[in-house]
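J.:
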Amino acid sequence: MVADALLTDAAADARAVERLRALVRIPTISRPTSGPGPRADRDAFERFIAALPELYPRVHAALERERLGADPDAEGTVAGHGYTLLYRWPGSDPAGTSSPTVLMAHYDVVPATAEGWQHPPFAAELVEHEGEPTVWGRGAIDDKGALAALLEAVERLLEAGFTPRHDVLLLFGHDEEVAGTGARAVVAALRERGIRPSLVLDEGGAIVEGVFPGLREPAALIGVTEKGITTLRLRVEQKGGHAASPPPLAATERLARALLRLNARPARSRLDATTRTMIRTLGSRVRGPLGVVFRRVDAVAPLLVPVLRRRGPETTALLRTTRAVTELRAGHAANALPESAEATVNIRIAPDESVAEAVAAVRRAIRDESVVIDVLEPSEPSPVSPARGPAWEDLAAAIDEVVPGLLVSPYVMMQASDARFLTAISEHVYRFTPFRLSTDERACLHARDERIRVSSYLEGVRVYAALLQRR
319 MVADALLTDA
329 AADARAVERL
339 RALVRIPTIS
349 RPTSGPGPRA
359 DRDAFERFIA
369 ALPELYPRVH
379 AALERERLGA
389 DPDAEGTVAG
399 HGYTLLYRWP
409 GSDPAGTSSP
419 TVLMAHYDVV
429 PATAEGWQHP
439 PFAAELVEHE
449 GEPTVWGRGA
459 IDDKGALAAL
469 LEAVERLLEA
479 GFTPRHDVLL
489 LFGHDEEVAG
499 TGARAVVAAL
509 RERGIRPSLV
519 LDEGGAIVEG
529 VFPGLREPAA
539 LIGVTEKGIT
549 TLRLRVEQKG
559 GHAASPPPLA
569 ATERLARALL
579 RLNARPARSR
589 LDATTRTMIR
599 TLGSRVRGPL
609 GVVFRRVDAV
619 APLLVPVLRR
629 RGPETTALLR
639 TTRAVTELRA
649 GHAANALPES
659 AEATVNIRIA
669 PDESVAEAVA
679 AVRRAIRDES
689 VVIDVLEPSE
699 PSPVSPARGP
709 AWEDLAAAID
719 EVVPGLLVSP
729 YVMMQASDAR
739 FLTAISEHVY
749 RFTPFRLSTD
759 ERACLHARDE
769 RIRVSSYLEG
779 VRVYAALLQR
789 R
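In this note's numbering, the protein residues as written are 319 to 789.
1) Rounding to the nearest angstrom, what Cα-Cα distance links T395 and E364 in this structure?
2) Flag this pair as touching only if the region 501 to 511 and the region 432 to 444 have three or more C-beta atom pairs under 8 angstroms; answer yes or no.
3) Kindly give me the distance between the Cβ atoms of D411 and H484, rounded to whole angstroms, as I take these residues to be in contact under 8 angstroms.
4) Report the option in F490, D712, H424 whose CA atom is closest to the CA atom of H746.
5) Return yes when the Cβ of L550 is within less than 8 angstroms of the Cβ of I262, no when it is not.
6) Are the region 401 to 421 and the region 516 to 530 in contact at 8 angstroms, needing three or more beta carbon pairs?
7) Here's a check: name, in chain order, each residue in its chain whose Cβ is nearer than 8 angstroms to the Cβ of E450, leaving out the five neighbours to either side.
8) According to DSSP, what are the bridge partners of L731?
9) Runs of 4 residues minimum, wholly inside the region 623 to 662: which ones carry the alpha helix (DSSP H) assignment?
10) Taking C-beta to C-beta, are A334 and E446 nearer than 8 angstroms?
11) Going by alpha carbons, who is nearest to G558 out of A368, E657, D736?
12) By a C-beta neighbour count over all protein chains shown, 10 Å radius and 16 as the cutoff for buried, is Y782 buried or exposed?
13) Would you tell me roughly how many angstroms separate the C-alpha atoms of L444 and E535, rounded to the nearest one?
14) Regarding P696 and the ligand FMN, is the C-beta to nearest heavy atom distance less than 7 angstroms?
15) I believe Y374 touches E473 by the beta-carbon criterion, under 8 angstroms. Please report the beta-carbon distance rounded to the nearest angstrom.
16) What are the start and end residues of each continuous beta strand (DSSP E) run of 3 or more residues lying completely inside the region 546 to 612, in chain order?
17) According to the neighbour-count rule (16 or more other Cβ atoms, all chains shown, within 10 Å of its Cβ), is L694 buried or exposed?
18) Can the beta-carbon of L578 be found closer than 8 angstroms to that of V689?
19) Is the beta carbon of G455 closer than 8 angstroms to that of P439?
20) Among A538, E544, H424, T593, which one has its Cα closest to the Cα of L488?
21) Quick one: which unbroken alpha helix (DSSP H) runs of 4-plus residues sit fully inside the region 435 to 512? Chain order, please.
22) Per DSSP, L725 is paired with what?
23) Under 8 angstroms by Cβ, that's how I've got R749 and G522 pegged, so tell me the actual separation to the nearest angstrom.
24) Pick out whichever of A538, G400, G512, R682 has its Cα sitting closest to the Cα of V721.
25) Name the DSSP beta bridge partners of I691, please?
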């Protein structure tokens, strides 16, 4: 193992933080298009790619790098001109070329303006917050923090002369926030090369506290699957006219009635196998009667579900498919009846349900054939990766090396990540970012005041380094 002194050197840590800040300052904002977006954004993506060799010279001297994915100025995939980056760190054992470790992150971010932020979103200010130095900025956690920590870990291991046993691939997506076309292009390339990764690790869970009733200690939650995702467009079209003589149910009222019916009939709550395992695992450290209940989750599941549902939206989302109305569109004038009304419904599909079943449940809830349902970009729930075996044990051991005694548990990731595409070529796909994140910090993802504590970031570097030394 590489000496701890190299991974905890104060001067090296300071440089690591400055490199993270440099990357956060580049506004690689994702737009809902086939490429990174308008010309100003494409320039930012090119600046980001150009900055990496300057910031991490050893990585770029020792590792091979490809650019994959769609070129925004051309149709389809153009080799060498895409924005998704794939690095290959050759291992010492040639047999490991076809079964590499794939470590993932993405460097695109959701939009942000300075309005309402305590510190500008792309200034990457290093500010004391609640007694700890903290880097503020869009992408500090989601997901440039992970990307920078991965590169930092590899940079330091290379400095120490370390070589992994099997190949290591670093996959850095450019459009995870909008489409994931870059990750899909990489999957296609790896499949063509006959590569089946022995471990895939992408963003997802973290080291968290206060997420489970009765548990007073932090826990590392590793996503072994993620919910499916699809968008529904609900449409009502009918004859317009003057607002002075409205029909009993105009398009807007009919759509509103459909949405109220949908809200009144939420999806059925239940405990899938992964969530039951999580409850048993975390419940093993809960004292008193509550701990006994959690450890006997299979026997008391029907009684436990309503109790968990009352704990709030985050816990409820673990129990069922969720539906969120995110957009409404109708009308063109204050005194004219709309000829059409539309609503966008974002659905996150529980692991034991399919897209077809989720859409059928929406149709039953609405009970109105005049409401047209368009299914957009359906993605099924991911297969469940095993919470055992060499890949899982290497990840758990790396966490334990840096944070001894930490409780490690599988869970269902509720968001969507690029990792879901890697399940086509690997049975060992996990979602975990090795940062300690408070409730407030998790709430800042895709919101104002996104930030990461320096101590959390550097701890993540050490976990990645510990994992790499086991591969």
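No residue lacks a Cβ here, since even glycine has one placed at the ideal position from N, Cα and C.
The structure presented is a predicted model; accordingly, all values stated were derived computationally and were not measured.
T.: Taking the definition as stated:
1) As a first step, residue 395 must be located in the sequence shown, where it is residue number 77. As a first step, residue 364 must be located in the sequence shown, where it is residue number 46. Reliability fails at T395, whose pLDDT of 43 lies under 50, so the model's placement of it is uncertain and no value is given.
2) no
3) Here residue 411 is taken as the residue at index 93 of the sequence shown, counted from 1. Here residue 484 is taken as the residue at index 166 of the sequence shown, counted from 1. 6 angstroms between Cβ atoms; contact.
4) Working through the sequence shown from its first residue, we reach residue 746 at position 428. Closest by alpha carbon: D712.
5) No information on residue 262 is available, as it lies outside the stretch 319 to 789 that the chain covers here.
6) yes
7) Counting from 1 along the sequence shown, the entry for residue 450 is found at position 132. Cβ within range, chain order: R771, V772, S773.
8) As a working mapping, residue 731 is identified with position 413 in the sequence shown. Here the sequence assigns Met to residue 731, which means Leu is not the residue at that position. According to DSSP, which records beta bridges pairwise, M731 is partnered with E544.
9) 631 to 637
10) In the sequence shown, residue 334 corresponds to position 16, counting from 1. In the sequence shown, residue 446 corresponds to position 128, counting from 1. It is not a contact, given that the beta carbons lie outside the stated cut-off.
11) Position 240 of the sequence shown, counted from the start, is the residue given in the question as residue 558. It is E657 whose Cα lies nearest to the Cα of G558.
12) By 1-based counting over the sequence shown, the position of residue 782 is 464. Looking at its Cβ environment, which holds 16 or more other Cβ atoms inside 10 Å, Y782 is buried.
13) If you number the sequence shown from 1, residue 444 lands on position 126. If you number the sequence shown from 1, residue 535 lands on position 217. Distance between the alpha carbons of L444 and E535 is about 28 angstroms.
14) The ligand FMN is not among the ligands present in this structure, which contains no ligands whatsoever.
15) Along the sequence shown, one-based indexing puts residue 374 at 56. Along the sequence shown, one-based indexing puts residue 473 at 155. Their Cβ separation, rounded to whole angstroms, is 5 angstroms, which keeps Y374 and E473 in contact under 8 angstroms.
16) 546 to 555
17) As a working mapping, residue 694 is identified with position 376 in the sequence shown. Burial call: exposed.
18) Position 260 of the sequence shown, counted from the start, is the residue given in the question as residue 578. Position 371 of the sequence shown, counted from the start, is the residue given in the question as residue 689. Cβ distance not < 8 angstroms, so L578 and V689 don't count as in contact.
19) What you label residue 439 is simply residue 121 of the sequence shown in a count that begins at 1. What you label residue 455 is simply residue 137 of the sequence shown in a count that begins at 1. In this structure, G455 lies closer than 8 angstroms to P439 by Cβ.
20) Counting from one through the sequence shown, the residue named residue 488 turns up at place 170. L488 has its Cα closest to that of H424, out of A538, E544, H424, T593.
21) 462 to 477, 499 to 510
22) The sequence position of residue 725 within the sequence shown is 407, counting from 1. A537, per the DSSP bridge assignment.
23) Reading the sequence shown from its first residue, position 431 is the one you call residue 749. Reading the sequence shown from its first residue, position 204 is the one you call residue 522. That belief holds up - the Cβ atoms of R749 and G522 are roughly 2 angstroms apart, short of 8 angstroms.
24) Position 403 of the sequence shown, counted from the first residue, corresponds to residue 721. Closest by alpha carbon: A538.
25) For this step, residue 691 is matched to residue 373 along the sequence shown. According to DSSP, which records beta bridges pairwise, I691 is partnered with L552.
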